[in-house]
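Residue numbers for the sequence shown follow our numbering, beginning at 1 and rising by one.
These notes concern the structure reproduced below.
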Amino acid sequence: MLTFPRPGLSWLAWVILVPGLLLMRSAPGVRAAGVRGWWFGAGYLMAVLYWTLPNIGPGLVLVAVVFGLLWAAWGAAARWLGSSAVAVIVLPSIWVAIEYARSWPSLGGPWGLLGVSQWSHPTILSLASIGGVWLLSFVLVAANTAIVLAVRPPQRGPWVRAGGILLALLLLAAGPLTYAARTSPPTEKTMRVALVQPGVVHNPPARFSAGERITAQTPPADLIVWGESSVGHAIARTPDIAARLRALAAQAPILVNEDARDAEGRISESAILMNPDGTHQRYVKTRLVPFGEYIPFRSGFGWLSRISRAAGQDRVPGTGATVMTTHGLTLGPLICFESTFPDLGRAVVRRGAQLLVYQSSTSTFQGSWAPPQHASLVAVRAAETGRPAVQAALSGVSTAFDARGRRLAWMDTDRRGSTVVTLHIPPSASRTPYDRLGDYVAYLAALIAAATALAAARGRLAPPR
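Printed below as a string of structure tokens:
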């Protein structure tokens with residue numbers, strides 16, 4: 001938890017797993033190490049998701065215990081492999097396979113992936129352009145494992161100790177070397193994007209008016225972006241709101257976010273791009289927040305809405321990622337929680353997006369570490385896709401990063417108003433290796449993890465003596 005914002009001790013990620021690995025290696029047996037791994041995973045999830053407690057109440061404990069079980073395999077493998085050099089490949093592979101498994105939308109979402117801890121280091125973040133956040137996590141766990149081999153080598157080994165130290169240093173250098181070897185994406189044009197942040201305003205009409213007032217005072221821009229839930233009325237059924245938005249769009253295209261019921265009483269969230277000519281384009285949020293926007297298996301867990309702020313009604317998801325065009329720019333709109341998913345950023349880029357635009361609202365979690373953690377994800381998505389990425393957050397953090405994940409703007413939760421950033425927009429055809437190859441690191445990790453489990457089950461991988 002300390003490796004993520006606010007504490008921001010990202011360097012700890014290179015060593016923070018060492019105590020846990022040593023604890024599992026010292027277990028009296030493989031089964032005991034698996035149990036220790038389970039509780040390690042549960043504790044990890046409790047720490048990175050603590051801010052969801054108001055929304056899901058005791059459901060957080062259930063989530064941590066159930067999904068923490070995935071780490072039992074990691075703990076068992078740490079004990080089984082002992083000081084074998086193959087642990088440097090197998091343990092990171094199991095970790096990445098776990099992260100990939102819990103990133104499936106039906107299982108919740110990938111909040112708190114270890115690789116995201118390096119969001120503030122563009123040189124290390126460059127690895128994401130090669131293999132996504134999965135490669136970052138793999139390298140971090142491999143470095144921790146190499147340190148463990150150096151700290152507790154087998155009887156035969158000063159050479160193993162030296163090798164572990166050397167390998168950890170090489171892994172640390174992998175990011176900067178990649179950054180130096182890769183060139184910045186080409187620039188097709190530059191654009192000025194304004195991010196509007198009115199703060200916590202619970203009354204929908206007052207919230208809209210605050211965004212309207214800030215926008216009118218914002219310096220000239222080529223695109224204006226409002227945060228999630230910035231419009232609390234159905235625009236198509238509210239002529240006054242529609243007219244006011246068209247007036248604002250006369251100065252520049254404006255991307256707003258509609259959070260309202262339709263004529264049939266269903267709720268969804270939509271990013272709506274209003275153009276100066278009065279036309280608009282719409283994207284409906286596809287990946288919903290478990291418990292916050294819907295309750296998984298509501299028939300069994302619906303009672304949580306009576307004792308916490310869990311969703312009283314399931315929202316209606318969209319049908320998939322899309323892109324929007326305006327003034328010669330193709331942008332990929334995504335909403336809030338969707339910034340946690342690497343595949344969505346890649347999906348809009350493959351559809352031609354030159355800019356990633358996220359709309360967010362974490363007003364429920366003001367005062368926690370959730371807003372800066374959420375904003376840090378935008379840096380990773382930018383580095384993965386080789387696209388500049390911005391986030392307009394209703395109550396902060398609004399932020400912007402260039403195509404290599406370098407920070408350009410950061411409006412924290414205590415600020416109100418707008419910020420305008422100049423972005424270098426790459427051609428639609430520009431692609432990073434991750435854009436082209438996708439989640440191959442996660443697939444290889446899952447294959448290695450499965451092969452290790454099969455070898456152990458068949459007795460071809462002997463436990464340490």
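Here a beta-carbon is modelled for each residue, glycine too, at the ideal position from N, C-alpha and C.
Note that this is a predicted model, so its numbers are computed, not measured.
Between residue i and the rest of its own chain, which residues show a CB-CB distance below 7 Å, the 5 nearest in sequence each way excluded?
{"i": "A33", "result": "M24, A27, G75, A76, A78, R79"}
{"i": "T422", "result": "T190, R192"}
{"i": "G278", "result": "R246"}
{"i": "R465", "result": "Residue confidence for R465 is low, a pLDDT of 47 falling below 50, so the modelled location carries little weight and cannot support an answer."}
{"i": "D262", "result": "A234"}
{"i": "L172", "result": "W14, A143"}
{"i": "I214", "result": "V196, P198, G417, S418"}
Considering only residues of the same chain and omitting the five flanking positions on each side of residue i, which have a CB-CB separation below 8 Å?
{"i": "A252", "result": "A194, P220, A221, D222, L223, I224, P276"}
{"i": "G405", "result": "W119, P122, L125, S126, A128, A379, V380, A382, A383"}
Check this for me: beta carbons of residue i and residue j, under 8 Å apart or not?
{"i": "P433", "j": "I235", "result": "no"}
{"i": "R346", "j": "T385", "result": "yes"}
{"i": "A353", "j": "V323", "result": "yes"}
{"i": "A260", "j": "H233", "result": "yes"}
{"i": "V63", "j": "L45", "result": "yes"}
{"i": "K498", "j": "E269", "result": "The question about residue 498 has no answer, for the chain in this structure spans 1 to 465."}
{"i": "V30", "j": "T452", "result": "no"}
{"i": "L2", "j": "R152", "result": "no"}
{"i": "V256", "j": "I272", "result": "yes"}
{"i": "F4", "j": "Q391", "result": "no"}
{"i": "T364", "j": "P54", "result": "yes"}
{"i": "L114", "j": "L140", "result": "yes"}
{"i": "V348", "j": "A389", "result": "no"}
{"i": "S137", "j": "W111", "result": "no"}
{"i": "A400", "j": "A409", "result": "yes"}
{"i": "M274", "j": "A249", "result": "yes"}
{"i": "R287", "j": "L344", "result": "yes"}
Take residue i as the anchor and find which of the options has the nearest alpha-carbon.
{"i": "R246", "options": "A216, P54, V63", "result": "A216"}
{"i": "T319", "options": "R282, A260, V201, P290", "result": "R282"}
{"i": "R6", "options": "S368, E264, G37", "result": "S368"}
{"i": "P205", "options": "A174, I241, R237", "result": "I241"}
{"i": "V61", "options": "V48, D412, A150", "result": "V48"}
{"i": "L377", "options": "A457, V133, I295, R207", "result": "V133"}
{"i": "A85", "options": "A42, A162, G59", "result": "A162"}
{"i": "W71", "options": "V35, S363, A453, L140", "result": "V35"}
{"i": "D439", "options": "R207, H202, L135", "result": "L135"}
{"i": "V116", "options": "A174, N55, L9, L288", "result": "L9"}
{"i": "E228", "options": "I56, H202, A243", "result": "H202"}
{"i": "I56", "options": "F291, R431, S83", "result": "F291"}
{"i": "G109", "options": "E258, L53, V289", "result": "V289"}
{"i": "Q366", "options": "R287, W51, V88, D262", "result": "W51"}
{"i": "F326", "options": "I254, L344, P296, R287", "result": "In the sequence as displayed, the identity of residue 326 is Thr instead of Phe. Among I254, L344, P296, R287, the Cα nearest to that of T326 belongs to I254."}
{"i": "S430", "options": "P296, A457, R387", "result": "R387"}
{"i": "E454", "options": "W38, G37, A73", "result": "What sits at residue 454 in the sequence shown is Leu, not Glu. Selected option, being the one with the closest Cα: A73."}
Enumerate in chain order the residues of its own chain whose CB-to-CB distance from residue i is below 6 Å, with the five nearest sequence positions on each side excluded.
{"i": "P93", "result": "One detail in the question is off: residue 93 reads as Ser in this sequence, not Pro. The residues are A445, I448, A449."}
{"i": "A97", "result": "A445, A446, A449"}
{"i": "G211", "result": "V196, P198, W226, S230"}
{"i": "G164", "result": "A146, L149, A150"}
{"i": "V420", "result": "R192, A194, P219, A221"}
{"i": "D314", "result": "Y294"}
{"i": "P371", "result": "T362, G396, V397, T413"}
{"i": "F40", "result": "G20, W71"}
{"i": "A87", "result": "L81, T145"}
{"i": "A42", "result": "A64, V65, G68"}
{"i": "G175", "result": "T123, I124, S126, L127"}
{"i": "A456", "result": "none"}
For the ligand COA, is there any heavy atom lying closer than 7 Å to the beta carbon of residue i?
{"i": "V349", "result": "With respect to small molecules bound, the structure shown includes none, and the ligand COA cannot be examined in it."}
Taking only beta-carbon positions, decide if residue i is within less than 8 Å of chain B.
{"i": "S184", "result": "In the displayed structure, chain B is absent; only one protein chain is listed."}
I'd like to know if the region 7 to 21 and the region 139 to 146 are in contact, where contact means that at least 3 CB-CB pairs between them fall below 8 Å. Contact annotation: the region 7 to 21 touches the region 139 to 146, with at least three C-beta pairs closer than 8 Å.
Decide yes or no for the touch test of the region 324 to 342 against the region 103 to 110: beta carbon pairs closer than 8 Å, at least 3 of them. Three or more Cβ pairs closer than 8 Å define a contact, and the region 324 to 342 meets that threshold against the region 103 to 110.
Three-pair Cβ contact test at 8 Å for the region 352 to 361 versus the region 325 to 333: Verdict: yes, contact present.
Which complete beta strand (DSSP E) runs does the region 374 to 424 hold, if anything under 3 residues is left out? The region 374 to 424 contains these whole beta strand (DSSP E) runs: 389 to 393, 398 to 401, 407 to 411.
Counting only runs of 3+ residues fully inside the region 191 to 231, write out the beta strand (DSSP E) ranges in chain order. Complete beta strand (DSSP E) runs here, min 3: 223 to 225.
Does the region 426 to 443 come within contact of the region 175 to 187, defined as at least 3 CB pairs closer than 8 Å? Flag = yes, the region 426 to 443 and the region 175 to 187 touch.
Taking only runs that begin and end inside the region 85 to 141, name each unbroken alpha helix (DSSP H) of 4 or more residues, in chain order. List check, alpha helix (DSSP H) in window: 87 to 102, 122 to 125.
State whether the region 412 to 421 contacts the region 385 to 397, with contact taken as three or more CB pairs (one from each stretch) at a distance under 8 Å. Touching, per the Cβ criterion.
Restricting to runs no shorter than 4 residues, where is the alpha helix (DSSP H) found entirely within the region 156 to 189? 158 to 181, all fully within the region 156 to 189.
Going residue by residue through the region 332 to 363, where are the continuous alpha helix (DSSP H) segments of at least 4 residues, counting only ones entirely within it? Unbroken alpha helix (DSSP H) runs of no fewer than 4 residues, entirely contained in the region 332 to 363, are found at 342 to 350, following chain order.
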